[in-house]
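Undergrad: Here you go, one structure.
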Amino acid sequence: MADKVICVTSGKGGVGKSTITGNLATALAAKGYKVVAIDADIGLRNLDLILGLENRIVYDIVHVAEGVCPVEKALVKDKRTKNLYLLPAAQTKDKSAIKPEDLVSIVEKLRDKFDFIFIDSPAGIEEGFKTAVTPADTILVVANPEMASIRDADRVTGLCEAMGKPEPKLIVNRLDPRKVAKGDMLDAEDVVQILGLELLGIVPEDKNMVSYINRGEPAVLFEESIAGKALRNVGERLLGKEVPFLNLEYNEGFFEKLKKLFGGE
Amino acid sequence: MNFKLRGTNVIGIEILTDNKSFDIDTLKNFILEKRQLLRGSRFIISVEDRILTKEEILELKQFLENVEELTFCGFKTNIKENREICISLGIPCDLSEMELEKEKERAETEEIKFIKRTLRSGDKVTSTGDLVILGDVNPGAEVEAGGNVYVMGSLRGTVKAGIGKSEAEIRALYFEAPRLEICNQEKIFDRKESYINFRARVKSGNLKIEFSKKGR
Ligand SMILES: Nc1ncnc2c1ncn2[C@@H]1O[C@H](COP(=O)(O)OP(=O)(O)OP(=O)(O)O)[C@@H](O)[C@H]1O
Ligand SMILES: [Mg+2]
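The listed protein sequences derive, respectively, from chains A and B.
Each number in this note's numbering comes from the position in the first sequence (counting from 1) with 128 added on.
Each number in this note's numbering comes from the position in the second sequence (counting from 1) with 35 added on.
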C-alpha cells in the first residue's frame with residue numbers, strides 16, 4: 129500500500145490545502161479505508177467546517193498534546209462518511225502550542241489504527257509548517273497556477289528536501305481552462321516545468337466549491353462536481369492506481385510531455 | 036606630502052598618505068600635533084602606492100606604540116610587498132579593496148563550483164569563481180559568482196555573474212528570468228520573454244545577448 133502519513137502543505141495561504149485534505153480524506157474513507165484527518169493549523173481551525181463537523185468538537189489536538197485527554201477521545205467521527213475521523217485543531221491557541229515531537233507521538237499512536245493519516249498544514253514556512261511536515265512520509269504540495277504560489281511551493285519543496293523528506297508530489301489547484309486558453313493563466317504544464325515535481329492531480333476551479341464548504345459537504349461526494357471528480361482521481365493515484373488526467377481542454381502535447389518528463393506511461 | 040584623516044566605523048581613525056615625497060618625520064609630526072584630537076582612538080596607517088622599507092615600517096610601529104593617546108592597530112595598504120613585510124614583523128596589515136579585487140580576479144579562473152541539484156526558491160549559492168548548475172535555477176533562487184555562471188537547465192531566478200570583474204558570461208539551456216547582472220551591468224527582461232540556448236556576456240564593456248531561438 130502507498131505511504132500512510134500524508135501532509136498537505138503549500139507555503140502560500142489560501143491555495144486550497146484544507147479543501148484538498150478534507151476531500152482526499154473523504155474520498156479514501158468512502159472507498160472503505162480507515163482515515164483520520166489531522167488539522168495542524170492551530171489557531172485557524174478550518175477542516176471541521178469543510179467536513180461539517182464544527183458542532184461536534186469537544187477536545188482538540190492541543191488537549192491531546194497537553195495530556196488533558198487521550199487521542200482517541202479527541203477524534204470526531206464523521207457523520208456522513210463511515211471510517212472517517214477528524215482530529216481538530218485548537219482555535220484558542222497559537223501555532224507554537226504543538227511541537228514537532230508532539231505531533232510525531234500523536235501520529236505514532238494513530239498509525240496502527242488507520243490506513244491513512246492526513247495532516248493539514250498551516251500556511252507559511254515557520255514552526256507550524258515544520259511540525260505538520262515532520263511526521264509525514266508523503267508530502268503533497270498544493271499550488272495555484274500563479275507565480276506567487278509557485279514560488280512558495282518551490283520554497284516549501286526545498287525545505288522538505290532539507291528536512292530529509294522524500295520529494296513532494298504536486299497538486300495544481302484552481303486551474304481555469306478558459307483563462308489558460310485566453311493566456312490569462314499559467315498552464316499546469318508551466319507549473320510542472322518550474323517545480324519539476326511529480327504531478328498527482330490538476331483540480332479545476334469550481335464555482336460551487338464555496339457552497340460545498342458552506343454546507344460542510346466535501347465535493348468528492350458529488351458526482352456532478354468537476355473538482356470533486358479531479359480530487360477522487362487524486363485519491364486513486366494515492367492508492368497507486370494509474371488514472372488518466374481529466375481532459376481540461378489541454379493540447380494533446382502536454383500529456384505526451386508529462387509522460388516523457390516522468391518516464392511513465 | 037599629504038595626509039587625510041578618516042574615521043572608519045569599525046576600526047577607528049585611519050590616516051591616508053600619498054606617495055609624493057613620503058617622509059616619516061613629517062608623518063610623525065602630524066600625528067603628534069593631532070594626538071589630543073585623536074585621543075582614545077584606535078589608529079591605522081593607510082599607505083597607498085608606495086613601497087615602505089622594513090626600517091620605515093618598524094620605525095612607524097615603534098613610534099606609534101609610544102604615543103599614549105592612541106591604540107595602534109596596524110597598517111592598511113594596496114601594495115603586496117608592504118603587507119608581506121608587516122606580516123613577517125608580526126604587524127597586522129589589511130590589503131585594501133583594490134588589491135583584494137585584483138587577487139580575486141586571479142583566483143577566479145581557478146575555482147569552479149558544481150551544484151548538482153535544482154536551486155529552489157529561497158536557495159542562494161555563491162562562488163568566488165565559476166558556477167556550474169546541473170539543474171534549474173527556479174524563481175526566487177539566487178546565484179552570485181565572481182566568474183561565469185552555467186545553468187544546465189532552466190534559469191528563472193536571479194543571477195549575478197562577474198562580480199568585481201570586467202568580463203564574464205551567463206549561459207542557460209533555457210532562460211526566462213526577469214533580470215540578470217553581469218560585471219555590474221544590469222539587463223531587464225519582459226514578463227513573457229524566453230530564450231533557448233541563452234548566452235549573455237560582457238566583453239569590452241558591452242553586454243550582449245545571444246540565443247538560438249526565442250520562446251519555448
Ligand atoms: N478548486 C477550487 N475551486 C474553487 N474554489 C476553491 C478551490 N479550492 C479551494 N477553493 C477555495 O479557496 C479558498 C481557500 O481554500 P482553503 O481554505 O482550502 O485554503 P488553505 O490553503 O487551506 O488556506 P489557509 O492557508 O488559510 O489554511 C476557499 O474559499 C475555497 O473554497
Ligand atoms: Mg487551511
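Beta carbons are placed, not taken as given, at the ideal position from N, Cα and C, and that holds for glycine.
Is Q97/B buried or exposed, if buried means 16 or more other CB atoms sit within 10 Å of its CB?
TA: Taking the second sequence and counting its residues from 1, the one referred to as residue 97/B is at position 62. Exposed, by the Cβ-count rule.
Undergrad: When you measure from the CB of K145/A to every non-hydrogen atom of ligand 2, does any distance come out below 6 Å?
TA: As a first step, residue 145/A must be located in the first sequence, where it is residue number 17. Yes, the beta carbon of K145/A sits closer than 6 Å to at least one heavy atom of ligand 2.
Undergrad: According to the Cβ coordinates, are Y187/A and C197/A closer than 7 Å?
TA: Walking along the first sequence from the start, residue 187/A turns up at place 59. Walking along the first sequence from the start, residue 197/A turns up at place 69. Yes, the pair counts as a contact, with Cβ atoms nearer than the cut-off.
Undergrad: Following a CB-centred definition, is D169/A positioned closer than 6 Å to any heavy atom of ligand 2?
TA: Residue numbering aside, residue 169/A sits at position 41 when the first sequence is read from its first letter. Correct: D169/A has its Cβ closer than 6 Å to ligand 2.
Undergrad: Taking its Cβ as the centre, do 16 or more other Cβ atoms sit within 10 Å of L67/B, making it buried, or is it exposed?
TA: Position 32 of the second sequence, counted from the start, is the residue given in the question as residue 67/B. Exposed.
Undergrad: Taking only beta-carbon positions, decide if R343/A is within less than 7 Å of chain B.
TA: In the first sequence, counting from the first residue as 1, residue 343/A sits at position 215. Output row for R343/A: interface = no.
Undergrad: What does DSSP give as the partner residues of G329/A in its beta bridges?
TA: Position 201 of the first sequence, counted from the start, is the residue given in the question as residue 329/A. Answer is I299/A, bridged to G329/A.
Undergrad: For D58/B and chain A, any beta-carbon pair shorter than 7 Å?
TA: The sequence position of residue 58/B within the second sequence is 23, counting from 1. So, not an interface residue.
Undergrad: G324/A touches chain B at which residues, Cβ-Cβ below 7 Å?
TA: If you number the first sequence from 1, residue 324/A lands on position 196. In chain order: T153, D171.
Undergrad: Measure from the C-beta of D158/B to each C-beta in chain A and report whether the shortest distance is under 7 Å.
TA: Walking along the second sequence from the start, residue 158/B turns up at place 123. For D158/B, the answer is yes, since a Cβ of chain A falls inside 7 Å of its Cβ.
Undergrad: For the segment 267-274 of chain A against the segment 235-243 of chain A, are there 3 or more C-beta pairs whose distance is under 8 Å?
TA: Contact fails: fewer than three Cβ-Cβ distances are below 8 Å.
Undergrad: Kindly identify the DSSP beta-bridge partner or partners of I422/A.
TA: With chain A represented from 129 up to 393, any question about residue 422/A goes unanswered, as that position is not in the structure.
Undergrad: Please confirm whether G175/B has its beta-carbon closer than 7 Å to some beta-carbon of chain A.
TA: Start at 1 with the first residue of the second sequence, and residue 175/B comes out as number 140. Yes, because at least one Cβ of chain A sits closer than 7 Å to the Cβ of G175/B.
Undergrad: Quick one: does the C-beta of N174/A sit closer than 6 Å to a heavy atom of ligand 2?
TA: Locating residue 174/A in the first sequence gives position 46, counting from the first residue. N174/A: yes, Cβ under 6 Å from ligand 2.
Undergrad: Note down, in chain order, each residue of its chain lying with its Cβ closer than 6 Å to the Cβ of S189/B, except the 5 sequence neighbours on either side.
TA: Position 154 of the second sequence holds residue 189/B. Counting only Cβ-Cβ distances below 6 Å, and skipping sequence neighbours, we find D171, Y209.
Undergrad: Run the CB neighbour count on L175/A, radius 10 Å, all protein chains shown included, and call it buried at 16 or more, exposed below.
TA: Position 47 of the first sequence, counted from the start, is the residue given in the question as residue 175/A. Flag for L175/A reads buried.
Undergrad: Do the CB positions of V331/A and V319/A come within less than 7 Å of each other?
TA: Here residue 331/A is taken as the residue at index 203 of the first sequence, counted from 1. Here residue 319/A is taken as the residue at index 191 of the first sequence, counted from 1. For V331/A and V319/A, no; Cβs fall outside 7 Å.
Undergrad: Please confirm if the segment 197-206 of chain B is in contact with the segment 306-314 of chain A, defined as three or more CB-CB distances below 8 Å between the two stretches.
TA: No, the segment 197-206 of chain B does not touch the segment 306-314 of chain A.
Undergrad: With 7 Å set as the bound, which would you pick, yes or no: does the beta-carbon of G311/A sit closer than that to a beta-carbon of chain B?
TA: Within the first sequence, the letter at position 183 stands for residue 311/A. Not an interface residue.
Undergrad: Any contact of the segment 145-157 of chain B with the segment 167-186 of chain B, i.e. 3+ C-beta pairs under 8 Å?
TA: Contact between the segment 145-157 of chain B and the segment 167-186 of chain B is present, because at least three Cβ pairs lie under 8 Å.
Undergrad: Run through DSSP, which three-state label would G142/A get?
TA: One-based indexing of the first sequence puts residue 142/A at position 14. Of the three classes helix, strand and coil, the one that applies to G142/A here is coil, per DSSP.
Undergrad: Please state if the CB of I92/B and the CB of I120/B are separated by a distance shorter than 7 Å.
TA: Position 85 of the second sequence, counted from the start, is the residue given in the question as residue 120/B. Position 57 of the second sequence, counted from the start, is the residue given in the question as residue 92/B. In contact: I120/B and I92/B (Cβ atoms closer than 7 Å).
Undergrad: Hey, does T137/A have any beta-carbon neighbour from chain B nearer than 7 Å?
TA: Locating residue 137/A in the first sequence gives position 9, where the first residue counts as 1. Chain B contact via Cβ: absent.
Undergrad: Any heavy atom of ligand 1 closer than 6 Å to the CB of G164/B?
TA: In the second sequence, counting from the first residue as 1, residue 164/B sits at position 129. Checking every heavy atom of ligand 1 against the Cβ of G164/B, none is found closer than 6 Å.
Undergrad: For a cutoff of 7 Å on Cβ pairs, would you count K139/B as touching chain A?
TA: Residue 139/B sits at position 104 when you count from the first residue of the second sequence. Residue placement at K139/B is flagged as unreliable, the pLDDT there being 46, under the threshold of 50; the coordinate-derived value follows with that caveat. Chain A, which has no Cβ nearer than 7 Å to the Cβ of K139/B, makes this no.
Undergrad: Determine whether the Cβ of D206/A lies closer than 7 Å to any Cβ atom of chain B.
TA: In the first sequence, residue 206/A corresponds to position 78, counting from 1. Not an interface residue.
Undergrad: So, at 6 Å on beta carbons, what are the nonlocal neighbours of L231/A in its own chain, with the 5 sequence-adjacent residues on each side left out?
TA: Looking up residue 231/A in the first sequence gives position 103. Excluding sequence neighbours, L231/A sits near T259, P263.
Undergrad: Contact defined as beta carbons within less than 8 Å: I believe S146/A pairs with V284/A. What is the distance between those atoms, to the nearest angstrom?
TA: The count along the first sequence starts at 1 and reaches residue 146/A at position 18. The count along the first sequence starts at 1 and reaches residue 284/A at position 156. With a Cβ gap of about 16 Å, S146/A and V284/A do not count as contacting.
Undergrad: Give me the DSSP bridge partner(s) of G109/B.
TA: On the second sequence, residue 109/B is found 74 positions in, with the first residue counted as 1. Note: G109/B sits in a beta bridge opposite I79/B.
Undergrad: For R85/B, go through chain A and note every residue whose CB falls closer than 8 Å to its CB, in chain order.
TA: In the second sequence, the residue the question calls residue 85/B occupies position 50. Simply none; closest approach about 51 Å.
Undergrad: With distances taken Cα to Cα, identify the nearest neighbour of N215/A among V199/A, I226/A, E229/A, K221/A.
TA: On the first sequence, residue 215/A is found 87 positions in, with the first residue counted as 1. Residue identity check: residue 215/A is Leu in the sequence provided, not Asn. If we check each option's Cα against that of L215/A, V199/A comes out closest.
Undergrad: Report yes if the C-beta distance between N211/A and A155/A is below 7 Å; otherwise report no.
TA: Mapped onto the first sequence, residue 211/A falls at position 83. Mapped onto the first sequence, residue 155/A falls at position 27. No.
Undergrad: Just to confirm, is the Cβ distance from A176/B to G192/B under 7 Å?
TA: Counting from one through the second sequence, the residue named residue 176/B turns up at place 141. Counting from one through the second sequence, the residue named residue 192/B turns up at place 157. In this structure, G192/B lies closer than 7 Å to A176/B by Cβ.
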